[in-house]
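Asker: Residues in the sequence shown are numbered from 902 upward in steps of one, following the numbering used here.
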Amino acid sequence: MKNIFSQIIMLIMISINFSSFASVPIVDGSYIVTFKNDAGLVQPPVETNRGKGQIPFGTHSTGQSKSAIATALGTNGEVASIFETINAVHMRMDAKEADRLSRDKRVLSIEQDRVATTQSTQTAPGWGLDRLDQLTPTTDNTYNYSNTGAGQTIYILDSGLTLSNSAVAAEFGGRASVFYDVKVVPVTIVGGMVPRSPVPQPGTQWASQKVPL
902 MKNIFSQIIM LIMISINFSS FASVPIVDGS YIVTFKNDAG LVQPPVETNR
952 GKGQIPFGTH STGQSKSAIA TALGTNGEVA SIFETINAVH MRMDAKEADR
1002 LSRDKRVLSI EQDRVATTQS TQTAPGWGLD RLDQLTPTTD NTYNYSNTGA
1052 GQTIYILDSG LTLSNSAVAA EFGGRASVFY DVKVVPVTIV GGMVPRSPVP
1102 QPGTQWASQK VPL
């Protein structure tokens, strides 16, 4: 679920106008290293294993370790996260090591992380965002990002969050809690039974969209 949500966020961010990268500050010691298709460093993803319930964000769906990739690269840097869908890793290393890796024939590109900020007001944001940032009956075709929602409580009526999963709890930074656990009794309907067990993961998706991780 986290993988899906991250891809959605990425698409949203691409569609928003960013400040000029010439003036954007870089993040010291933090790089995205993308490998060539035939590098053989990041194993292909196993789709059936992907999802927040099984694999924490930044780890591989096959169980491939970060240290194994670092060893294969022969680097003294640290592989912090694995991005299996784009054949890349997030690495912490100094500029000298980044320069050395850039000459590795298996490496497609190395890009240093930067701090990106959006404009405070977005035009033509789509009806959903436009509806969220104002109380008037009509919309104004803008979305103001200065409204952070800090201090507000959001109630999500869905299949819930598995907060017993430490990875899920950590992603919400201790802000999430279960208000009421509804036990649904199976009932017979046309075409079959309504199961007691909720559909997995929609609750996490809805909560993370309302309260960005």
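Idealized CB from N, CA, C, for every residue including glycine.
1) Measuring only from the beta carbon, is residue 1082 closer than 6 Å to any heavy atom that is part of the ligand NAP?
2) Does the separation of the CB atoms of residue 1016 and residue 926 fall below 7 Å?
3) So, with DSSP's three-state summary, where would you put residue 982?
4) Alpha carbon to alpha carbon, how far is residue 968 from residue 1024? Give it in angstroms, no decimals.
5) Just checking my contact of residue 976 with residue 998 at CB under 8 Å: how many whole Å lie between their CB atoms?
6) Could you work out which residue in 1074, 1038 and 1078 is closest to residue 1055 when comparing CA atoms only?
7) Could you give the residue range of the beta strand (DSSP E) that holds residue 1065?
8) Taking the straight line between their C-alpha atoms, what separation do you get for residue 1011 and residue 940?
9) Would residue 947 and residue 966 qualify as a contact pair, given that the criterion is a beta-carbon distance under 7 Å?
10) Among 987, 988 and 992, which has the Cα closest to the Cα of residue 980?
11) With a threshold of 6 Å on Cβ separation, who are the neighbours of residue 964 within its own chain once the five nearest residues in sequence on each side are excluded?
12) Going by Cα to Cα distance, which pick from 985, 1042, 1018 and 1014 is closest to residue 1026?
13) By how many angstroms is the C-alpha of residue 988 removed from the C-alpha of residue 1021?
14) How would you call residue 1009, buried or exposed, if buried means at least 16 neighbouring beta carbons within 10 angstroms?
15) Expressed to the nearest angstrom, what Euclidean distance is found between the alpha-carbon atoms of residue 1014 and residue 1058?
16) On a CA-only basis, which of 937, 1062, 1081 and 1080 is nearest residue 1005? Give me that one, please.
17) Where do the ends of the alpha helix (DSSP H) carrying residue 970 lie?
18) Exposed or buried, what is residue 1081 when buried is set at 16 or more other beta-carbons lying within 10 Å of its beta-carbon?
Answerer: Per the coordinate set shown:
1) Looking at this structure, you won't find the ligand NAP or any other ligand, since it has none at all.
2) For the purposes of this step, residue 1016 is taken as the residue at position 115 of the sequence shown. For the purposes of this step, residue 926 is taken as the residue at position 25 of the sequence shown. In this structure, residue 926 lies closer than 7 Å to residue 1016 by Cβ.
3) Your numbering for residue 982 matches position 81 in the sequence shown. DSSP places residue 982 in the strand class (E or B) of the three-state scheme.
4) Residue 1024 sits at position 123 when you count from the first residue of the sequence shown. Residue 968 sits at position 67 when you count from the first residue of the sequence shown. Those two C-alpha atoms are separated by around 44 Å.
5) Indexing the sequence shown from 1 puts residue 976 at position 75. Indexing the sequence shown from 1 puts residue 998 at position 97. With a Cβ gap of about 6 Å, residue 976 and residue 998 count as contacting.
6) For this step, residue 1055 is matched to residue 154 along the sequence shown. It is 1078.
7) Here residue 1065 refers to the residue found at position 164 when the sequence shown is read from its first residue. Run containing residue 1065: none; DSSP gives neither H nor E here.
8) Counting from 1 along the sequence shown, the entry for residue 1011 is found at position 110. Counting from 1 along the sequence shown, the entry for residue 940 is found at position 39. Roughly 14 Å between the two C-alpha positions.
9) On the sequence shown, position 46 is the one that residue 947 refers to. On the sequence shown, position 65 is the one that residue 966 refers to. In this structure, the beta-carbon distance from residue 947 to residue 966 does not fall below 7 Å.
10) Locating residue 980 in the sequence shown gives position 79, where the first residue counts as 1. Closest in alpha carbon position to residue 980, among 987, 988 and 992, is 992.
11) By 1-based counting over the sequence shown, the position of residue 964 is 63. If you ignore the 5 residues before and after residue 964, its C-beta comes within less than 6 Å of no other C-beta in its own chain.
12) Indexing the sequence shown from 1 puts residue 1026 at position 125. Distances from the CA of residue 1026 to each of 985, 1042, 1018 and 1014 were compared; the closest alpha carbon is that of 1042.
13) Your numbering for residue 1021 matches position 120 in the sequence shown. Your numbering for residue 988 matches position 87 in the sequence shown. Going by the C-alpha atoms only, they are around 33 Å apart.
14) Here the question's residue 1009 lines up with position 108 in the sequence shown. Residue environment for residue 1009: exposed (fewer than 16 other C-beta atoms within 10 angstroms of its C-beta).
15) Stepping through the sequence shown from its first residue, residue 1014 is reached at position 113. Stepping through the sequence shown from its first residue, residue 1058 is reached at position 157. Residue 1014 and residue 1058 have their C-alpha atoms some 37 Å from each other.
16) As a working mapping, residue 1005 is identified with position 104 in the sequence shown. When each option's Cα is compared against that of residue 1005, the closest is 937.
17) On the sequence shown, residue 970 is found 69 positions in, with the first residue counted as 1. Start and end: 967-974.
18) The residue you call residue 1081 lines up with position 180 of the sequence shown. The residue in question, residue 1081, is exposed, as its Cβ has fewer than 16 Cβ neighbours within 10 Å.
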